[in-house]
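Take a look at the structure below.
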Amino acid sequence: MGSAEISPQMAFARFVRRAIDDARKERGWTVTDLAGHTGVGRSTVFRWLAGDWQDYPELAKVRGFCAALDLPVAAAFRALGLPDAGPGPWRRGDEGPVEADVRMILQRLADPAVPAEEKHHIRDLLRYLARRPIRRAG
Numbered sequence: 001m002g003s004a005e006i007s008p009q010m011a012f013a014r015f016v017r018r019a020i021d022d023a024r025k026e027r028g029w030t031v032t033d034l035a036g037h038t039g040v041g042r043s044t045v046f047r048w049l050a051g052d053w054q055d056y057p058e059l060a061k062v063r064g065f066c067a068a069l070d071l072p073v074a075a076a077f078r079a080l081g082l083p084d085a086g087p088g089p090w091r092r093g094d095e096g097p098v099e100a101d102v103r104m105i106l107q108r109l110a111d112p113a114v115p116a117e118e119k120h121h122i123r124d125l126l127r128y129l130a131r132r133p134i135r136r137a138g
C-alpha cells in the first residue's frame with residue numbers, strides 16, 4: 001500500500017463521519033436518532049467511525065444506512081474499496097468469468113437471507129486465498 005492510499009477502514013470512517021455530520025446539521029439527528037432511522041445499531045456506527053472492523057461491514061446495513069440518509073450506495077462501496085454497480089468491469093453483461101464470480105460472491109455477502117455464519121466462512125476463505133502464496137508452474 002503506497003503512502004497516498006488509506007485503508008478501507010479509514011476511508012469508510014471518513015464517509016460515515018461526513019454522513020453523521022450532515023445528518024446532525026441538516027436533520028438535527030444524534031447518533032441515537034441516526035441508528036433508529038438507519039437500522040444500524042449505535043455500537044456498529046461507532047465501530048465504523050473508529051475503523052474498528054476486520055470483516056467488511058454487512059452490505060445490507062451499509063445499504064440501509066445510505067438509503068435512510070439519501071446517500072449513494074456506490075459512494076459507500078467506493079470508500080470500502082468494493083466495486084459498485086456503475087460502469088466498468090463489474091457491470092452485468094460483458095463481464096468475464098472472474099468478474100461474474102466476484103459479483104455472485106458480493107451478492108451473497110449482501111443478501112440478508114444468507115446466514116451470518118455462512119458469510120463469515122466466505123470471508124475467511126477469501127482472506128485465506130488472498131494471502132496464500134502463488135505457486136509457479138515448473
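Okay, so the sequence shown: first residue is 1 according to the UniProt record's numbering, each after it adds one.
A virtual CB, placed ideally from N, CA and C, is assigned to each residue, including glycine.
- Within the region 12-99, the complete alpha helix (DSSP H) segments of 4 residues or longer fall at 31-38, 42-50, 59-68, 73-80, listed in chain order.
- Residue state for I6 is assigned as coil, using DSSP reduced to three classes.
- Per the Cβ contact rule, the region 45-53 is not in contact with the region 70-85 (fewer than 3 Cβ pairs under 8 Å).
- Closest option to Y56, judged by alpha-carbon separation, among A100, A137, H121: H121.
- The Cβ neighbour count for T38, taken over all protein chains shown within 10 Å, is at least 16; the residue is labelled buried.
- Pairing A110 with L59 gives a Cβ-Cβ distance under 8 Å.
- Going by DSSP, R132 is part of no alpha helix (DSSP H) at all; its letter is neither H nor E.
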